[in-house]
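Residue numbers (my numbering), protein chains in the order written: chain A, 1 to 338; chain B, 339 to 676.
The C-beta atom is built at its ideal place from N, Cα and C for all residues, glycine as well.
The next block holds one structure in the form of structure tokens; read it before the comments.
There are 2 protein chains.
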Amino acid sequence: MPTTLSDVAARAGVSTSAASRVLSGAPSARVRPDTRERIEAAARELGYRPNFAGRALRLARSDVLAMVVPELTSAVFSELLRGVEDAARDHGYLVLLGRAEDIGGEMIARLIGEGRVDGILWQTGEDGEDPDRAAVQEQRTPVVFMNSIEDDHAGSVALPNADAARIATRHLLDLGHTSIGLVGGLETVYTAAPRETGYLEAMAHAGMPVRRSWTTRYGYSADQGRRAIRKLWSLKRRPTAVVVANLNAAIGVLAEARDLGLSVPEELSVVTLLDAWTAEHTSPALTTVRMPLHAMGRRGVELLLDKLNGADVDNVLITEPGPELVIRGSTAAPRTKE
Amino acid sequence: MPTTLSDVAARAGVSTSAASRVLSGAPSARVRPDTRERIEAAARELGYRPNFAGRALRLARSDVLAMVVPELTSAVFSELLRGVEDAARDHGYLVLLGRAEDIGGEMIARLIGEGRVDGILWQTGEDGEDPDRAAVQEQRTPVVFMNSIEDDHAGSVALPNADAARIATRHLLDLGHTSIGLVGGLETVYTAAPRETGYLEAMAHAGMPVRRSWTTRYGYSADQGRRAIRKLWSLKRRPTAVVVANLNAAIGVLAEARDLGLSVPEELSVVTLLDAWTAEHTSPALTTVRMPLHAMGRRGVELLLDKLNGADVDNVLITEPGPELVIRGSTAAPRTKE
DNA sequence: ATGAAAGCGCTAACAC
DNA sequence: GTGTTAGCGCTTTCAT
């Protein structure tokens, strides 16, 4: 039988309200030092833990945030989660993690409706559709979207996608490439457009022509990356380098390149956006542009908390720290100057 | 303001107890059909959701299970989670996911002590130490360990590690290899021993000599896999094939092989235990032995639920479905017969 | 078959 | 400073 507040109060010889005041850390609790002492001692001795349900029922909040992600198995998302958890912990919240797939719209409604969680952080798909996003938006559900800015929704955070793509592209240009392709995301995915824009801007700025056929938009999965490179290699005129908009896709690009007998970086340089440990163990190791995922996680939580407090929240672009080029083995100067 | 049970009762013109009986689906609820009808209609119209805290407080349980994993970013674990979630859903439970790192011993105590979760599924480390496992075992915490059998603990599930290693080894033997090494796990990790045993048994059964120096035990991470292959390649006499005890380590093995200029499978065949999508996108694609992760997840939940119901639970080895060889590109016959 | 009432553990007015 | 009390939403005897 777990210890309750009244057990503690009894042992300390005080009322439950006194015990509550002390133990729930109400800053305004004006309590005689020795009473406080006795209560704290009793709680310690009894190993008291405040019952979650009692507290939640009384306060009408759970101090739990849900984080919904498209896919757990992405190394990229690990750093984001760390940011979320750091911030959540700082504010006394717990994080409940769920896959979008498992959590569908109905589950979100349940989580909120039953009072299990106070708010939702939704990492919108790097790799595909988001089930029922509309359903969520309709309801008066406290949601903050991560990794996408929703114009009709207050509260979202996004990465510096265009900047990162610009940096990646410039890296290839600096190496001397002039024939540069883009392995992009589905047009339905928020990040696809700014990443493509960054690529186009860097090319334009360098005065490089862009071939339409060198841009693919199949998506962010490894298989879609494979498909993209197969497409590019079926062309008569091929690029000597590609910017890949997503790490998973880049893994597919590398795999397909190998299957095609195409050597990286000698025949094709590959640079990708987003960084994670998996990029170090590909063959060759991937040159990437690291993105501020941790910061995005933190900021997302802060935004959500503001929103829960009734504040008007914005849609914010994470700029600090900026995207950073991480040079590994998948990029090199083009073999033959053209 | 969310709808409560008494809102529903009022609208249906019944007492809250009647409403509760109907809505909480008590099978013994003997209610006049038309009353039931009215209550259900009212609930539907009002969009009623039972408040989680009220329910948990009254029933002294949360219907939430926590699953603790060493690392989210392992593709391997994704299938396990799916098994867990399938089973949990079937039994009306929600799954709270946490990383061991974040969830340390204190957090577990909190989760249980505060009544936030009813029990814990602990996926013990494929890659390293488990913080505070002892602390958990001491407390009267309903925990089921997954992926390891703890002799002094009631309730754990494990994979057919020895069988899988035997199958992997036999595959290499069948291809004609006679010089076969093992890239194994740390001795502190439960799975390391049975996997090594399976390897040794298969070798013994085939009458093949085993060289001590061909077995490494650095661990299951990609970096440790790299280290293992570096060690093996520093030897005067080298194996022509290796069984790798873990998929992540195998990814490291492949990466390091490439850095060493060693071609797979021509100069070295690599087969690994555990399968996941990442195995399809390495260069070359990895030959693996698929393990019944989904079944282990399901079984773990069932065990935990039994335990919560006060049953005496066993330590179970998952045998159904059995391990299965998935041949891809990383294994081939040895180049030169020896 | 249905309702009245008690109480799960906690906090916050409101006394004193 | 500290205690008394009411009540958050729910389920469950116990009456009727």
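The DSSP-derived three-state label of L235 (chain A) is coil. Going by beta carbons, Q562 (chain B) and G545 (chain B) fall outside the 8 Å limit. Annotated three-state conformation of R437 (chain B) is strand, per DSSP. Collapsing the DSSP output to three states places G47 (chain A) in coil. T620 (chain B) counts as buried, since at least 16 other C-beta atoms from the protein chains shown sit within 10 angstroms of its C-beta. L384 (chain B) places its beta carbon 8 Å or farther from that of L57 (chain A). When secondary structure is reduced to three states using DSSP, A332 (chain A) falls in the coil class, being assigned neither helix nor strand. Residues of chain B whose Cβ lies closer than 7 Å to the Cβ of I251 (chain A) are, in chain order, H619.
About 10 Å separates the beta carbon of V582 (chain B) from that of T625 (chain B), a gap too long to meet the 8 Å contact definition.
Taken in chain order, the members of the stretch 448–460 of chain B whose beta-carbon sits within less than 8 Å of a beta-carbon on chain A are R448, G451, E452, G453 and R454. In this structure R549 (chain B) is exposed. Its beta-carbon is surrounded by fewer than 16 other beta-carbon atoms within 10 angstroms. Following the DSSP letters along the chain, one finds M146 (chain A) inside the beta strand (DSSP E) bounded by residues V143 to M146.
Counted as a single uninterrupted DSSP element, the alpha helix (DSSP H) harbouring R298 (chain A) occupies residues L293 to L308. Listed in chain order, the alpha helix (DSSP H) elements of length 4 or more contained wholly in the stretch 136–213 of chain A are 161–174 and 192–205. Rounded to whole angstroms, the gap between the alpha carbons of P498 (chain B) and L642 (chain B) is 20 Å.
Here the C-alpha atom of G185 (chain A) lies approximately 24 Å from the C-alpha atom of S412 (chain B).
Excluding the 5 residues flanking it on each side, P661 (chain B) has same chain C-beta neighbours closer than 7 Å at P498, D501, A502, I505, V627, R628 and M629, in chain order.
In the structure shown, the three-state DSSP call for M405 (chain B) is strand. Contact annotation, L96 (chain A) with V117 (chain A): C-beta distance approximately 6 Å; criterion of less than 8 Å satisfied. Here the C-alpha atom of D428 (chain B) lies approximately 22 Å from the C-alpha atom of G453 (chain B).
Taking 8 Å as the CB threshold, N485 (chain B) stays off the interface with chain A. With its beta carbon less than 8 Å from one in chain B, N51 (chain A) belongs to the interface.
The C-beta of D372 (chain B) comes no closer than 8 Å to any C-beta of chain A.
Separation of R110 (chain A) and Y386 (chain B) (C-alpha to C-alpha, rounded to the nearest whole angstrom) is 10 Å. For the stretch 423–434 of chain B, residues whose beta-carbon sits nearer than 7 Å to a beta-carbon of chain A comprise E423 and L434.
Close to G392 (chain B), with beta-carbon spacing below 7 Å, are these residues of chain A in chain order: L57. Taking every protein chain shown into account, the CB of M339 (chain B) has fewer than 16 other CB atoms within 10 angstroms, so this residue is exposed.
Beta-bridge pairing by DSSP links N584 (chain B) to no other residue. For the stretch 588–611 of chain B, the set of positions with a beta-carbon nearer than 7 Å to some beta-carbon of chain A reads I589, G590, L592, A593 and R596 in chain order. No Cβ-Cβ contact shorter than 8 Å links V369 (chain B) with G638 (chain B). Rounded to whole angstroms, the gap between the alpha carbons of V608 (chain B) and V527 (chain B) is 22 Å.
A222 (chain A) belongs to the set of residues whose beta carbon lies under 8 Å from a beta carbon in chain B. Using a Cβ distance threshold of 8 Å, T216 (chain A) and K231 (chain A) count as a contacting pair. Taking a Cβ-Cβ threshold of 9 Å, none of the residues of chain A is close to S344 (chain B); the smallest such distance is about 15 Å.
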